[in-house]
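Working notes, structure below.
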Amino acid sequence: FSSKLPDVGTSIFSVMTQLAQDHGAINLAQGFPDFDPPQNLTDALVRHAGAAGQQQYAPMPGLLRLRELISQKTAALYHVPAPDPATNITITSGATEGLYAVLAATVRPGDEVLVLEPAYDLYGPAIRLQGGTPVYVPLCLPSFRPDWDQVAARLTPRTRLVLLNTPHNPSGAVLTTQDFDTLAGLLENTDTLVLSDEVYEHLVFDGQAHRSVLQHPALAARAFVLSSFGKTYHATGWKVGYCIAPALLTAEVRRVHQFLTFSVSTPTQHALADVLADADHYRELPAFYQQKRDLFAELLRGTGFELLPAAGAYFLLARYAALAPQEPDTEFAQRLTREAGVAVVPVSAFYHDGRDEGLIRFCFAKRSETLQEAALRLHAFS
Ligand code: PMP
Ligand code: GLN
Numbered sequence: 003f004s005s006k007l008p009d010v011g012t013s014i015f016s017v018m019t020q021l022a023q024d025h026g027a028i029n030l031a032q033g034f035p036d037f038d039p040p041q042n043l044t045d046a047l048v049r050h051a052g053a054a055g056q057q058q059y060a061p062m063p064g065l066l067r068l069r070e071l072i073s074q075k076t077a078a079l080y081h082v083p084a085p086d087p088a089t090n091i092t093i094t095s096g097a098t099e100g101l102y103a104v105l106a107a108t109v110r111p112g113d114e115v116l117v118l119e120p121a122y123d124l125y126g127p128a129i130r131l132q133g134g135t136p137v138y139v140p141l142c143l144p145s146f147r148p149d150w151d152q153v154a155a156r157l158t159p160r161t162r163l164v165l166l167n168t169p170h171n172p173s174g175a176v177l178t179t180q181d182f183d184t185l186a187g188l189l190e191n192t193d194t195l196v197l198s199d200e201v202y203e204h205l206v207f208d209g210q211a212h213r214s215v216l217q218h219p220a221l222a223a224r225a226f227v228l229s230s231f232g233k234t235y236h237a238t239g240w241k242v243g244y245c246i247a248p249a250l251l252t253a254e255v256r257r258v259h260q261f262l263t264f265s266v267s268t269p270t271q272h273a274l275a276d277v278l279a280d281a282d283h284y285r286e287l288p289a290f291y292q293q294k295r296d297l298f299a300e301l302l303r304g305t306g307f308e309l310l311p312a313a314g315a316y317f318l319l320a321r322y323a324a325l326a327p328q329e330p331d332t333e334f335a336q337r338l339t340r341e342a343g344v345a346v347v348p349v350s351a352f353y354h355d356g357r358d359e360g361l362i363r364f365c366f367a368k369r370s371e372t373l374q375e376a377a378l379r380l381h382a383f384s
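For the sequence shown, the positions run 3 to 384 when full-length UniProt numbering is used.
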């Protein structure tokens with residue numbers, strides 16, 4: 003049998019989580035919180051999991067009540083016209099399924115998809131499975147800002163999509179209104195669509211606001227915007243996300259979604275709908291996570307890890323050159339897991355060609371005790 007993805011191994015997140023378990027290491031590798039979702043949300047799930055009449059298929063695009071609440075939330079948060087629950091919003095099985103459904107619905111063999119690197123690991127393989135070609139443009143280090151001239155140079159009549167991710171995994175960099183203006187200028191008079199992965203929309207720090215593609219009318223008219231309840235509610239295991247897009251694009255996503263999963267877990271959607279109207283939860287997230295970012299950065303002072311600034315998401319990148327000047331990042335990440343008892347992700351895993359910038363990624367979505375223990379171990383290692 004000849005594989006369709008012969009060069010693709012097991013996702014780095016699975017690999018590093020397994021290694022962490024094998025060595026009893028603190029897992030700062032895979033991005034997930036080590037604390038639980040809000041109690042009112044888990045209580046709601048228990049309630050709905052036991053409720054008569056709520057255990058069968060949800061409607062294919064998602065529970066209407068949940069889509070209505072997402073519509074209201076989006077309008078209030080981003081000061082945009084409310085997306086129509088009937089024609090603009092689709093509930094997906096995590097942002098992962100949303101990404102895949104959008105790519106499957108839009109990319110034809112021979113199409114190109116522009117991807118800014120480092121990039122989340124599913125983008126490239128999912129594009130290639132559609133017969134598309136990912137066209138990679140490196141972000142500029144150490145700011146991880148796009149070089150729009152390079153983007154412009156790589157756009158062709160075959161560019162089906164430009165893929166954005168803000169706040170960015172793994173760097174935390176955020177895109178600005180000016181970035182969107184520039185991109186909109188480049189895409190004017192083209193058929194190129196935009197896929198904007200905004201799963202970390204609520205995790206933007208230092209008083210900055212997340213800028214959503216939804217707020218840019220010219221881009222929003224050609225964009226699929228993805229979010230994830232996993233990030234917003236500390237519930238990555240629930241696997242519920244959503245896609246907002248114009249009606250014509252939503253119709254295409256649903257053509258695929260209906261055959262990919264058909265619909266998403268019914269009681270889970272009910273539970274999320276019960277808490278979504280409470281804006282306090284997500285308005286408190288920036289301060290909640292910023293405190294963790296700043297605590298971890300403070301705790302790492304005096305180690306050989308040089309942290310890069312992170313404007314958003316729940317990751318910090320670090321240079322380890324002072325500790326292991328020549329060591330490839332993959333080897334260093336594995337050695338850190340084994341010898342220090344702290345698992346991290348090597349940033350080369352986010353480059354299609356394994357480009358090694360000598361960087362590792364820490365996930366700081368952890369309880370203070372976890373971050374403190376990890377820091378003790380990293381000091382001992384340094
Ligand atoms: N996009 C990015 C940038 C992510 O970091 C993640 C989660 N790790 C996803 C998509 C997938 O989100 P979900 O867990 O909702 O499928
Ligand atoms: N998004 C998470 C990360 O970047 C992991 C998701 C996954 O394990 N697939 O670490």
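All residues carry an ideal CB built from backbone N, CA and C; glycine is no exception.
Values in this document were obtained by computation on a predicted structure and should not be read as measured data.
_Integer-rounded CB distance, given that Ser265 should sit under 8 Å from Tyr244_ = Actually they do not touch by this definition, with Cβ atoms about 13 Å apart.
*Give the straight-line distance between the Cα atoms of Leu325 and Ala299, rounded to the nearest whole angstrom.*
17 Å
*If you scan the segment 257-321 from start to end, which runs of the beta strand (DSSP E) of 3 or more residues do you find wholly inside it?*
317-321
*Anything with a beta carbon under 6 Å from a heavy atom of ligand 2 counts; list them all in chain order.*
Ser13, Phe15, Gln32, Gly33, Asn171
*Under 9 Å, do Asp151 and Gln132 count as touching if we go by C-beta distance?*
no
*Any heavy atom of ligand 1 closer than 8 Å to the CB of Gly64?*
no
*For the alpha helix (DSSP H) holding Leu66, just list the boundary residues, first then last.*
66-80
*My understanding is that Thr89 touches Ala249, with C-beta atoms under 8 Å, so please give their C-beta distance in whole angstroms.*
4 Å
_Sufficient close CB pairs (3 or more, under 8 Å) joining the segment 206-216 to the segment 47-57_ = no
*Where does Glu99 land, buried or exposed, given buried means 16+ other C-beta within 10 angstroms?*
buried
_Does the beta-carbon of Phe290, which I'm using as the reference point, lie nearer than 8 Å to any heavy atom of ligand 1?_
no
*asked:* Measuring only from the beta carbon, is Val201 closer than 8 Å to any heavy atom that is part of ligand 1?
replied: yes
_Stretch-stretch touch, CB-based, cutoff 8 Å, three pairs: the segment 280-294 with the segment 164-171_ = no
*Report whether the distance from the Cβ of Val242 to the nearest heavy atom of ligand 3 is below 8 Å.*
You won't find ligand 3 in this model; what it holds is ligand 1 and ligand 2.
*Put Arg162 into one of helix, strand or coil per three-state DSSP.*
strand
*Close beta carbons around Ala313, own chain, < 8 Å, minus the five adjacent residues each side*: Pro169, Gly174, Ala175, Val176, Val206, Phe207, Asp208, Gln210
*Is DSSP giving Pro87 helix, strand or coil here?*
coil
*Helix, strand or coil at Leu43 according to DSSP, with G and I counted as helix*: helix
*DSSP state of Phe383, grouped into three classes?*
helix
_Where Arg224 sits in the DSSP three-state scheme_ = coil
_On the criterion of 16 or more Cβ atoms from any shown chain inside 10 Å, does Val10 qualify as buried, or is it exposed?_
exposed
*Compare the C-alpha of Tyr125 against each of Gly187, Asn167, Tyr322, Leu373 and name the closest.*
Asn167
_Best match in Val164, Ala128, Ala345 for proximity to Val139 [C-alpha to C-alpha]_ = Val164
*asked:* Along the chain, where does the beta strand (DSSP E) containing Asp183 start, and where does it finish?
replied: Run containing Asp183: none in the beta strand (DSSP E); it sits in the alpha helix (DSSP H), 179-189.
*Looking at Leu228 and ligand 1, is the gap between the Cβ and the nearest heavy atom below 8 Å?*
yes
*Alpha carbon to alpha carbon, how far is Leu378 from Pro35?*
20 Å
*Which residues in the same chain have their Cβ closer than 7 Å to the Cβ of Ala106, if we skip the five residues on either side of it in sequence?*
Gln132, Val258
*Would Val347 pass as a contact of Ala121 if the rule is Cβ separation under 9 Å?*
no
*How many whole angstroms separate the CB atoms of Thr76 and Leu216, which I take to be in contact at a CB cut-off of 8 Å?*
7 Å
*Using the Cα positions of Leu345 and Leu185, report the straight-line distance between them to the nearest angstrom.*
The question names Leu, yet the displayed sequence has Ala at residue 345. Between Ala345 and Leu185, the C-alpha separation is close to 37 Å.
*From this set, Ile93, Asn29, Pro40, Phe15, which residue's C-alpha is nearest Arg340's C-alpha?*
Asn29
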